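If you're matching positions, the sequence shown starts at -1 in my numbering and goes up one per residue.
Where is the CB? At the ideal position from N, CA and C, for every residue including glycine.
Quick caveat: nothing in here was measured; it's all calculated off a predicted structure.
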Amino acid sequence: MRTVGILGGMGPEATVLLMQRLLRAAGAEDDSGHIHLVVDQNPQVPSRIAFLLEGRGEDPAPVLAAMARGLEAAGAEALAMPCNTAHHFAPAIRDAVTVPFLDMVTLAVARARALAGPGGRVGVLASPAVRRTALFEARMAAAGLEPLYPEDEAALLSAIRRIKAAGADGTARDVLGAVSAGLVARGARVQMIACTEFSLIADAVAEDAVAFDTLDVLVEAIRDFALCCGAGTKRAAM
């Protein structure tokens, strides 16, 4: 069993959800069978949306790098971060430590290609910051995929903020369902839930969408690394 460090707090409920899903994924019969995690639940990481979309506030990169160093010092043998948007700052995390970083973006693109096939269109249900920073573009292109994003970014951002403030509610679910249906209509039946706030309402996607949650893909990578059985995990830990 290997220890995994979690850069958490973005948002706090998403980090708790990751841990809950890891409990189910471990297949443990008693306490000792569960995965050893070191979690930095830090909701004081500067706003990624404010910095990337609005050009204001503190750069999150130094804070994330400090968290990574702390987790490595605490015994983490790999790091993971349940926030897609924060993966924009992944280079700073990698530069700060010597242990591998389980990259949710790389893992998600591999899953999308398996579902959509080369040349497929993939809907990306994420913060507008993901599109504006082209977080997925290079890896999607390398995989022969075309990413499509919801057209109503204002509604999407409003739903994310509602979930952060008050938890999942009917309004946020309606927004996710509507934008998911819009992506299906534009030819992106395969869709990735690439915002961990939306992981809390993943079942709200359009009925005819073939959707997967990037958080689940990360859970699988953490499990495989911790249990020392995932050759594919090594390729994604870059």
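Asked                                                                                                                                                           : Found
Check whether the Cβ atoms of leucine 154 and proline 148 sit closer than 8 Å, and answer yes or no.                                                            : yes
Ignore the nearest five residues each way along the sequence and tell me which others in aspartate 167's own chain have a CB closer than 7 Å to its CB.         : Arg160
Count the C-beta pairs between the stretch 76 to 89 and the stretch 127 to 142 that are closer than 8 Å, then say yes if the count reaches three, no if not.    : yes
Runs of 4 residues minimum, wholly inside the stretch 148 to 229: which ones carry the alpha helix (DSSP H) assignment?                                         : 151 to 164, 168 to 183, 212 to 224
With which residues is alanine 146 paired in a DSSP beta bridge?                                                                                                : Note that residue 146 corresponds to leucine in the displayed sequence, not to alanine. In the DSSP output, where bridge partners are listed per residue, leucine 146 has Gly121.
Using C-beta distances below 8 Å, list every residue in its chain close to glycine 31, excluding the 5 sequence neighbours before and after it, in chain order. : Ala24, Gly25
Give the DSSP bridge partners of phenylalanine 49, in chain order.                                                                                              : In the DSSP output, where bridge partners are listed per residue, phenylalanine 49 has none listed.
Touch check for the stretch 100 to 110 and the stretch 211 to 221: three-plus C-beta pairs under 8 Å?                                                           : yes
On the three-state DSSP scale, how would you describe phenylalanine 87?                                                                                         : helix
Does the Cβ of arginine 22 have 16 or more other Cβ atoms within 10 Å, making it buried, or fewer, making it exposed?                                           : exposed
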